[in-house]
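Numbering (the numbering used here), first residue to last: 1 to 604. See structure below.
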Amino acid sequence: MNSNLTNSGATDTRSTAFTRKLHPLVDLQCDRSWFDELQNRLGRGGPWDDWTLYQLTVEAEQAKRIESFEQLLSLRSLPEFEPMPHQISTARKVVHDMGGRAILADEVGLGKTIEAGLILKEYMVRGLAKRVLILVPASLVLQWVRELNQKFGISAVAQKKQHTWGYDVVVASMDTAKREPHRELVLGTDYDLVIIDEAHKLKNKKTTNYQFANLLRKKYCLLLTATPIQNDMDELYNLITLLKPGQLGGQSEFAANFVVDKRLPKNEDQLQEALSTVMIRNRRGDGGIHFTKRFVRNIPIALSDEEKALYDAVTGFVKERYNESGGDMTSMLSLVTLQREVCSSRDAVFLTLVNLFKKTAEDSPLRPKIWELVDKIKQIKANTKAEKAMELVKGFHDEKVIIFTEYRATQEYLLQFFRAQNMIAVPYRGGMNRGKKDWMMDLFRGRAQVLIATEAGGEGINLQFCHHMINFDLPWNPMRVEQRIGRVHRLGQTQDVKIYNLCTLGTIEEHIVNLLHEKINLFELVIGELDHILERFEKGDGSLEQRLAKVLLEAGTDSALQEQLQELGSSLSRIRDEVQTTGTKSPDLLVKLDRLGQSVEVKP
1 MNSNLTNSGA TDTRSTAFTR KLHPLVDLQC DRSWFDELQN RLGRGGPWDD
51 WTLYQLTVEA EQAKRIESFE QLLSLRSLPE FEPMPHQIST ARKVVHDMGG
101 RAILADEVGL GKTIEAGLIL KEYMVRGLAK RVLILVPASL VLQWVRELNQ
151 KFGISAVAQK KQHTWGYDVV VASMDTAKRE PHRELVLGTD YDLVIIDEAH
201 KLKNKKTTNY QFANLLRKKY CLLLTATPIQ NDMDELYNLI TLLKPGQLGG
251 QSEFAANFVV DKRLPKNEDQ LQEALSTVMI RNRRGDGGIH FTKRFVRNIP
301 IALSDEEKAL YDAVTGFVKE RYNESGGDMT SMLSLVTLQR EVCSSRDAVF
351 LTLVNLFKKT AEDSPLRPKI WELVDKIKQI KANTKAEKAM ELVKGFHDEK
401 VIIFTEYRAT QEYLLQFFRA QNMIAVPYRG GMNRGKKDWM MDLFRGRAQV
451 LIATEAGGEG INLQFCHHMI NFDLPWNPMR VEQRIGRVHR LGQTQDVKIY
501 NLCTLGTIEE HIVNLLHEKI NLFELVIGEL DHILERFEKG DGSLEQRLAK
551 VLLEAGTDSA LQEQLQELGS SLSRIRDEVQ TTGTKSPDLL VKLDRLGQSV
601 EVKP
């Protein structure tokens, strides 16, 4: 619009619709060419802008409107995704207060991957990150790619060939990235953001993993681990130095300022302040973080006469070998496995016996004894445990269930057993390559009712769409049991989780279930408590697994076995009560870390 002063007072020759006289000496003229163009488009039906381009333009304009400096712009571009409040708070803190360099140390199951994805998306939306490297365990590569693509709309690719490194967002395993010819390419790239999952594996700065990570050229960096300290304070120092060199001073300065001994910190207020700038630790007990319930049911199983005869014969064989060795535990641990296998399936113990037979000298008196056990296996025509598992699965009425076993041979038996009953079951195990694991997960989500997983299935996979879990056999390490449960009982699970422990009566398995359920109360513990219980317990005479094996081998009678196991259980129960009563007053390192983490954590 413009105003023209004239001396003549002459009128414009255009239509009066476009020119209006305000005064004899003033002409007010409007540029209406846009209106003429619109009329022409309407008259001939086009041309019009592409609707998708128009929507993108609108989104771009909206993104420019920053109502608050601390808001996450990425949430506007993720309308179908609703992160938890603590995940949003964590992302805000990392972006706005920590400069994009942080240790995400949430307890297991609270969604560290989601937090990392949010931070990555935020930096990409802001134009601050384009080249991104994500280093994770090999078994998790495809899971990370899927999460980033599906939840965040980030075009991440799994590293496969040498040229893959040229993509903007690459997910790879540390082992692949650090070896040639990949190493030179990776170390020669300037990354905007590097994310390292399972970062506790970098705790020792003398390892090749730590040294490689330290050489990466990066502007922003996220280290993800639920256990930033496992053994001593140096591990925490190494991680923070990798993230922000100099944050805690030199090694000797750090030790002088903050360490009483390798497991006990001092000057906690100052250490707390230093940690608060680099680490965020959310815990399950924090407000606003809600989980569904766990319901545990122990299923006692009476073995058939043939199965019980095999168990007793294997037990006698193992104790006889222990006595012959003069009580040498080192040479006996592999034989103790026989007793654990026989509680699982005849197939598992059969393979171990056959391998033992092959390794034994032909003139050894052990050979006929081993073959006697093999003959007992041949007499067993059914698997009582498998039949009970099938009965449970049928009672779930087509709801999905994961069955965990420690042994590959048991897994193979169960796959055949379920297929013979016209039930679709798929395997998941450590020996599978990434593509096959992903394929098995897709089959389980879609067609199969049952997933049968070995211990490798206890790490890395997320199974929130399943809420039934059967422990076909139980590890002697309680942390591995908790890992199994954590695959289904985690954020995103909408159903209460049902856990079934199959327990063969009159065997060591019956005592293990009693220890885990009654004495430790494993299935009801808050995450983190089990760490503290085992840490205190194992300060004495070795791990729980080793002490169980020793009791099993040295007890002369069933009553002596029960008495010694009762002592172990009482010790565990007492430590559990102390941990739950004293809580953060405990001097144990991980408890201390959680106390320090109280100022570090982000409340929703």
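By construction, the Cβ of each residue, glycine as well, lies at the ideal position given by its N, Cα and C atoms.
Entirely enclosed alpha helix (DSSP H) segments - the segment 319 to 407, minimum 4 residues: 333 to 342, 346 to 359, 366 to 378, 384 to 394
Nearest neighbour of L502, chosen from F444, S573, S344, A348 [CA to CA]: S344
Residues that Q217 bridges to, as DSSP identifies them: At residue 217 the sequence reads Arg, which differs from the Gln that was named. DSSP output for R217 lists D190 as bridge partner(s).
M98 in three-state terms, based on DSSP: coil
Unbroken alpha helix (DSSP H) run spanning K112, endpoints: 112 to 125
Burial state of N471 (16 or more Cβ within 10 Å): buried
Integer-rounded CB distance, given that Y428 should sit under 8 angstroms from L392: Not a contact, Cβ separation roughly 19 angstroms.
Under the three-state DSSP convention, the category N257 falls into: helix
R146: first and last residue of the uninterrupted alpha helix (DSSP H) it sits in: 141 to 152
Inter-residue spacing [alpha-carbon to alpha-carbon] between T315 and L236: 44 angstroms
Beta-carbon proximity check, I377 vs R346, cutoff 8 angstroms: yes
Three CB pairs or more closer than 8 angstroms across the segment 292 to 309 and the segment 492 to 506: yes
N- and C-terminal bounds of the beta strand (DSSP E) containing N471: 468 to 471
Exposure label - G583; buried when at least 16 CB within 10 Å: Residue placement at G583 is flagged as unreliable, the pLDDT there being 47, under the threshold of 50; a coordinate-derived value is accordingly withheld.
Three-state secondary structure assigned by DSSP to R284: coil
Proximity to T405 [Cα-Cα], best of A386, L135, D50: A386
Minimum C-alpha distance to A453 - residue among V318, R445, K218, L415: L415
R547 to D558 span [Cα, whole Å]: 17 angstroms
Helix, strand or coil at T507 [DSSP, three-state]: coil
Buried or exposed by the 16-neighbour rule on C-beta atoms within 10 Å, applied to F258: buried
Exposure label - N355; buried when at least 16 CB within 10 Å: exposed
Paired residues, beta bridge with L135 - DSSP: A172, I196
Range covered by the beta strand (DSSP E) that runs through F444: No beta strand (DSSP E) holds F444; the alpha helix (DSSP H) holding it covers 434 to 446.
For G43 and R32, the rounded distance between their alpha carbons: 17 angstroms
Close beta carbons around L121, own chain, < 6 angstroms, minus the five adjacent residues each side: Just to set this straight, residue 121 is Lys in the shown sequence, not Leu. Same-chain partners within the cutoff: S74, F152.
Contact under 8 angstroms by Cβ, G486 with G109: yes
Straight-line gap, Y322 to R490 (C-alpha atoms, nearest Å): 42 angstroms
Residue range of the alpha helix (DSSP H) that includes Y237: 233 to 243
Cβ-Cβ distance between A172 and L135 below 8 angstroms: yes
F295, DSSP secondary structure in three states: strand
Beta carbon of K319 nearer than 8 angstroms to that of L224: no
Contacts around V426, its chain only, beta-carbon distance under 7 angstroms, and the 5 residues preceding and following it disregarded: M440, L443, F444, A448, L451
Extent of the continuous alpha helix (DSSP H) to which I452 belongs: Premise fails: I452 lies in the beta strand (DSSP E), 450 to 453, not in any alpha helix (DSSP H).
At least three beta-carbon pairs within less than 8 angstroms, the segment 75 to 85 to the segment 100 to 109: no
Beta-carbon gap between V278 and L243 smaller than 8 angstroms: yes
Where I240 falls, given that 16 or more other Cβ within 10 Å makes a residue buried: buried
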